[in-house]
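Student: The structure's right below; bear with me while I get my questions together.
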Amino acid sequence: MLKVTIDNHTIEVEEGTTILQAARMIGGAVVPPAMCYYSKLKDSGGKCRTCLVKVAQGSARDPRPMPKLVASCRTPVADGMVVQNMTSPEVIDTRKAIVEFLLINHPLDCPVCDQAGECDLQNLSYANGREESRFEEAKRSFKVVDIGDKIQLHMNRCILCYRCVYAANQLTDNRSHGILYRGDVSEISTYIQTDITNDFSGNMIDVCPVGALTDKTFRFKNRVWFLNPMNASRSCSKCSGKVTAWLRGEEIYRVTGRKDQFGEVEEFICNECRFDKKEKSDWTIESPRNIKRASVISQNHYLQAKKPSVILPLENRTVSLEEFEKENTNEKQS
Amino acid sequence: MERKILLNNIAVPGIRTFEVFRSTGGYLSVEKALKEMTPDEVVEEVKMSGLRGRGGAGFPAGMKWSFIDKKSGNPRYLICNADESEPGTFKDRYLMEKIPHLLIEGMICSCYALGANTGYIYVRGEYKYIIGILNEALRETYAAGFLGTNILGTGYNLDIIVHSGAGAYICGEETALIESLEGKRGNPRIKPPFPAVVGLYGCPTVVNNVETLANIGYIVNNGGNEYAQYGVGKSTGTKLISACGNINHPGVYEIEFGLTVREFLFDEKYCGGIKDGRKLKAVIAGGSSVPILPGELILKTAAGEERLMTYESLAEGGFVSGTMLGSGGFIVFDEDACIVRNTWNLARFYHHESCGQCSPCREGTGWMESVLHRIENGQGRSKDIDLLVSIASKIEGNTICPLGDAAAWPIASAIRHFRHEFEEHIQNPEQCSLHRMEEFENLKI
Chain U
2 MLKVTIDNHT
12 IEVEEGTTIL
22 QAARMIGGAV
32 VPPAMCYYSK
42 LKDSGGKCRT
52 CLVKVAQGSA
62 RDPRPMPKLV
72 ASCRTPVADG
82 MVVQNMTSPE
92 VIDTRKAIVE
102 FLLINHPLDC
112 PVCDQAGECD
122 LQNLSYANGR
132 EESRFEEAKR
142 SFKVVDIGDK
152 IQLHMNRCIL
162 CYRCVYAANQ
172 LTDNRSHGIL
182 YRGDVSEIST
192 YIQTDITNDF
202 SGNMIDVCPV
212 GALTDKTFRF
222 KNRVWFLNPM
232 NASRSCSKCS
242 GKVTAWLRGE
252 EIYRVTGRKD
262 QFGEVEEFIC
272 NECRFDKKEK
282 SDWTIESPRN
292 IKRASVISQN
302 HYLQAKKPSV
312 ILPLENRTVS
322 LEEFEKENTN
332 EKQS
Chain R
5 MERKILLNNI
15 AVPGIRTFEV
25 FRSTGGYLSV
35 EKALKEMTPD
45 EVVEEVKMSG
55 LRGRGGAGFP
65 AGMKWSFIDK
75 KSGNPRYLIC
85 NADESEPGTF
95 KDRYLMEKIP
105 HLLIEGMICS
115 CYALGANTGY
125 IYVRGEYKYI
135 IGILNEALRE
145 TYAAGFLGTN
155 ILGTGYNLDI
165 IVHSGAGAYI
175 CGEETALIES
185 LEGKRGNPRI
195 KPPFPAVVGL
205 YGCPTVVNNV
215 ETLANIGYIV
225 NNGGNEYAQY
235 GVGKSTGTKL
245 ISACGNINHP
255 GVYEIEFGLT
265 VREFLFDEKY
275 CGGIKDGRKL
285 KAVIAGGSSV
295 PILPGELILK
305 TAAGEERLMT
315 YESLAEGGFV
325 SGTMLGSGGF
335 IVFDEDACIV
345 RNTWNLARFY
355 HHESCGQCSP
365 CREGTGWMES
375 VLHRIENGQG
385 RSKDIDLLVS
395 IASKIEGNTI
405 CPLGDAAAWP
415 IASAIRHFRH
425 EFEEHIQNPE
435 QCSLHRMEEF
445 ENLKI
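Chains as they are written, first to last, in our numbering: chain U, 2 to 335; chain R, 5 to 449.
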């Protein structure tokens, strides 16, 4: 067993554990955010750089710090390693920069995006983002395309985490999509817009951290925070049949995999369960599902967060500093 | 009289052919290594020589070889990185074009030292004609019995295969090169594991630059100690420098480490001074990725000492007042060169070549390019300079592979040393001597 200390929490883990996995065992605020790493997908991680942490001490044997910040999702722990995540200003500063990079070409169309409310990028930018953008150029844009009859691809929103590529590669027997081109014009695509027909293709929607891949059977039907997530099950010949059914009243609006506190599904589900079984009679509703991490849905997380510090006055008038401060303090008191 | 190791026989007519190369003492090292030395002895000699990787990072070659995993029992591979794509660098092309057998000789000795039975030469896609030259040279070598099965009756088998890249700069990064060689998309791998443990087809692999491998023949023939007599300090041996830009004699020169930058720049034997008698403005000393230095800092360090052509001397002063030897692409700018335009041009290159795998590089390179394009086109704002510095500092060190650093360093250093020029471009865009708006408007990106 290896002893590793992350943000002053010490834990013993098995050899081969990554820093991120160790941090998840500790839980709470020491867990670095991960946009591309997905524990159930082999080779994922290392790309988005949001989980960069500082290794202040490499190991007990070689206590030198690592020269650069490392991707915690892909760096195995060593015995006596000391890691700083939230306790390192450098890490926090870098994370802010990474979020800025991820957002410069993101359309920020949350008001019309189905993922809003359960979007990892939304949560990440709320925690680490800047209040205003320094990016003034035109954002890159792509056309919305259908990949298969049930999945829509909004490439504009994609952060190129490669999760869906790995999912398609590892879950299905016939990989038909990947990354075309390179650099900031690279895109997720099926070659010559072939449809994805595989039975497990719907899991790409669940692994997508943003709203790039959306469920066409749920599109614009409802907002996720109006829905009640319930553990549901049915006997399915293709998958475990254990899902989360999202209800409003008596109606099932959508079906997803059961996501844990880190936003990862416990088990991948088949397309039949996901897209075709939308009647309450199809399912045995077991219990309410407590969504822990995804903020808006059940946590009232945003109410506790700080309000943006500068609110510009609506009418075009000059405000002296005293006046401005006075108004702001009044606002806080009220 | 300057001493040379690689290019001694470059002027011999027909040196490209096996016959002539052999008559000048070629392939003696192969006979010596295979018949008289054990693989470990070859590695020891290379370690003793102090030979450092010539591809840019300058990592000791013998050390790199000693990391190779011999316990796993998997086949081992040697890959020659001939994907020379760094703007300003063209030394490997010269070497492969003129004396291809020098590389093959070095590769045979190296493969023997590493216990590899297959070697690959990954040639840049644009070097199409070199593939023909290499294949012809390999055919001759096979025919002479220096490659294939049971080489020289020693029982050692070796095949060398030439593989063409498809023109991506990123495939010069060793793990992207391996991916590309495996037939995949050329994305750099996330390290660790390093190629010495998990490389080509999951097997232990060493990736070396063309020039590094070309030196091995001499080291085997004459011993590591003899090689270490060349150069100064930890920069042993000689280095091919490809000089270009506004100089009188652009070309590839073999220099012994320790030559002063001043002599290299102004001596008639080398660059021969700045073209048309103009003044020296700036130099990029080691291929486009390394920090640019103004004329006074490239000739003398901040401490006032003469700067030498060595890994250490060029790096003196860190990134505040120093640079790197890099791959040896020596780009010279005269007083009329526009640093802003040059920096934009480099930014455009890195934007185009970013693989798009990790977010800082994918988004940051494009962002820096568009800001620089704005400044160059006369629409810059004074806050843009600090914005560029801020973006560059956040890319640097936070990416999967060194392309992010390579994109950030030229921009950060150009602003560090030539900030006034950027400010002038923002305040009076028409004042720049080079700035011809019509031309830029017609320039397609």
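Built from N, CA and C at the ideal position, the CB exists for glycine as well.
What does a CB cutoff of less than 7 angstroms around E135(R) pick up in its chain, not counting 5 residues either side in sequence?
Tutor: In the sequence under discussion, the amino acid at residue 135(R) is Ile, which differs from the Glu named in the question. Excluding sequence neighbours, I135(R) sits near V127, V166, S168.
Student: Using a Cβ distance threshold of 8 angstroms, determine whether the segment 47-63 of chain U contacts the segment 312-330 of chain R, with at least three qualifying pairs required.
Tutor: Contact between the segment 47-63 of chain U and the segment 312-330 of chain R is absent, because fewer than three Cβ pairs lie under 8 angstroms.
Student: What separation, rounded to the nearest whole angstrom, lies between the Cα atoms of N157(U) and A213(U)?
Tutor: Each residue's alpha carbon lies about 7 angstroms from the other.
Student: Could you list the residues in the segment 182-199 of chain U with a C-beta less than 9 angstroms from some C-beta on chain R, going in chain order?
Tutor: Within the segment 182-199 of chain U, the residues whose Cβ lies closer than 9 angstroms to some Cβ of chain R are Y182, R183, G184, D185, V186, S187, listed in chain order.
Student: Less than 8 angstroms between CB atoms is the rule here; does I415(R) satisfy it with respect to chain U?
Tutor: Judged by the 8 angstroms Cβ criterion, I415(R) is not in contact with chain U.
Student: Roughly how many angstroms separate the alpha carbons of E320(R) and E309(R), rounded to a whole number?
Tutor: Those two C-alpha atoms are separated by around 10 angstroms.
Student: Which term fits G187(R), buried or exposed, when burial requires 16 or more other beta carbons within 10 angstroms of its beta carbon?
Tutor: Label assigned to G187(R): exposed.
Student: I'd like to know whether the C-beta of W348(R) is nearer than 8 angstroms to at least one C-beta of chain U.
Tutor: Chain U, which has no Cβ nearer than 8 angstroms to the Cβ of W348(R), makes this no.
Student: Using alpha carbons as the reference points, say which of R385(R), A15(R), V287(R) lies closest to C342(R).
Tutor: Minimum Cα distance to C342(R) is reached at V287(R).
Student: Should T18(U) be flagged as near chain R, meaning a C-beta pair shorter than 8 angstroms?
Tutor: Taking Cβ atoms only, chain R never reaches closer than 8 angstroms to T18(U), which makes this a no.
Student: Taking the alpha carbon of W226(U) as the point to measure from, which residue in E119(U), I286(U), F269(U) has its own alpha carbon closest?
Tutor: Cα-wise, what sits closest to W226(U) is E119(U).
Student: Judging by CA-CA distance, which residue of D338(R), A307(R), G237(R) is the nearest neighbour of Y315(R)?
Tutor: Considering only alpha carbons, the answer is G237(R).
Student: Closest to V256(R) by C-alpha separation, out of S331(R), V224(R), G299(R), A307(R), would be which residue?
Tutor: Ranking S331(R), V224(R), G299(R), A307(R) by Cα distance to V256(R) puts S331(R) first.
Student: Starting from the Cα of G370(R), find the closest Cα among I197(U), V186(U), V208(U) and give me that residue.
Tutor: That would be V186(U), whose Cα lies nearest to the Cα of G370(R).
Student: Which residues in the same chain have their Cβ closer than 7 angstroms to the Cβ of F63(R), if we skip the five residues on either side of it in sequence?
Tutor: Once the five neighbours on either side are set aside, the close Cβ partners of F63(R) are R56, G57.
Student: Using C-beta distances below 6 angstroms, list every residue in its chain close to D196(U), excluding the 5 sequence neighbours before and after it, in chain order.
Tutor: G149.
Student: Alpha carbon to alpha carbon, how far is A247(R) from E267(U)?
Tutor: Taking the straight line joining both Cα atoms gives about 59 angstroms.
Student: Can you tell me whether M2(U) is buried or exposed? The criterion is at least 16 other CB atoms within 10 Å of its CB, across all chains shown.
Tutor: Exposed, since its Cβ has fewer than 16 Cβ neighbours within 10 Å.
Student: Please confirm if K69(U) has its CB atom under 8 angstroms from at least one CB of chain R.
Tutor: With 8 angstroms as the cut-off, K69(U) counts as an interface residue toward chain R.
Student: Who are the neighbours of K398(R) on chain U, taking C-beta pairs under 9 angstroms?
Tutor: Under the 9 angstroms cutoff, chain U gives D94, T95, K97, A98, I99, E101, F102.
Student: Beta-carbon of G360(R) versus every beta-carbon of chain U: anything under 8 angstroms?
Tutor: So yes, G360(R) belongs to the interface.
Student: Look at the alpha carbon of T153(R) and the alpha carbon of L162(R), and state the distance between them as a whole number of angstroms.
Tutor: Whole-angstrom Cα-Cα distance: 6 angstroms.
Student: Using a Cβ-Cβ distance under 8 angstroms, would A72(U) count as near chain R?
Tutor: Yes - at least one Cβ of chain R is within 8 angstroms of the one on A72(U).
Student: Give me the Cα-Cα distance between N213(R) and E267(R), rounded to the nearest whole angstrom.
Tutor: Spanning the two alpha carbons is a distance of roughly 27 angstroms.
Student: Quick one: which chain U residues come within Cβ less than 8 angstroms of E367(R)?
Tutor: Those within 8 angstroms of E367(R) in chain U are F102, L103, I105, N106, D185.
Student: Rounded to whole angstroms, what is the Cα-Cα separation between H10(U) and I27(U)?
Tutor: Between H10(U) and I27(U), the C-alpha separation is close to 7 angstroms.
Student: From G77(R), S317(R), D271(R), pick the residue whose C-alpha is nearest to that of F452(R); which is it?
Tutor: It is not possible to answer for residue 452(R), since the shown part of chain R is limited to 5 through 449.
Student: With 8 angstroms set as the bound, which would you pick, yes or no: does the beta-carbon of H302(U) sit closer than that to a beta-carbon of chain R?
Tutor: A caution first: H302(U) carries a pLDDT of 43, below 50, which makes its placement in the model unreliable, though a value can still be read off. No, its Cβ sits nowhere closer than 8 angstroms to a Cβ of chain R.
Student: Apart from the five residues just before and just after Q305(U), which ones in its own chain have a Cβ nearer than 6 angstroms to its Cβ?
Tutor: Confidence at Q305(U) is low in this model, with a pLDDT of 45, below 50, so its placement is unreliable and no value can be given for it.
Student: Can you name the start and end residues of the beta strand (DSSP E) that M231(U) belongs to?
Tutor: That run of the beta strand (DSSP E) goes 229-234.
Student: Distance check for M36(U) and K307(U), CA to CA, integer angstroms please.
Tutor: Bear in mind that a pLDDT of 49 at K307(U), under 50, signals an unreliable position, so the number given afterwards is only what the model happens to contain. Roughly 23 angstroms between the two C-alpha positions.
Student: What distance in whole Å lies between the Cβ atoms of L106(R) and L244(R), which are believed to be in contact at a cut-off of 8 angstroms?
Tutor: Contact flag wrong, Cβ pair sits at about 11 angstroms.
Student: Could you work out which residue in S238(U), N229(U), D8(U) is closest to V83(U) when comparing CA atoms only?
Tutor: Among S238(U), N229(U), D8(U), the Cα nearest to that of V83(U) is on D8(U).
Student: Expressed to the nearest angstrom, what Euclidean distance is found between the alpha-carbon atoms of L122(U) and G119(R)?
Tutor: Answer to the nearest angstrom: the Cα atoms are 48 angstroms apart.
Student: Given a limit of 7 angstroms on CB to CB distance, which residues of the segment 37-52 of chain U reach chain R?
Tutor: Answer set for the segment 37-52 of chain U: G47, K48, C49, R50.
Student: In chain order, what residues of the same chain lie with their CB nearer than 8 angstroms to the CB of T158(R), ignoring the 5 residues before and after it?
Tutor: The residues are L38, K39.
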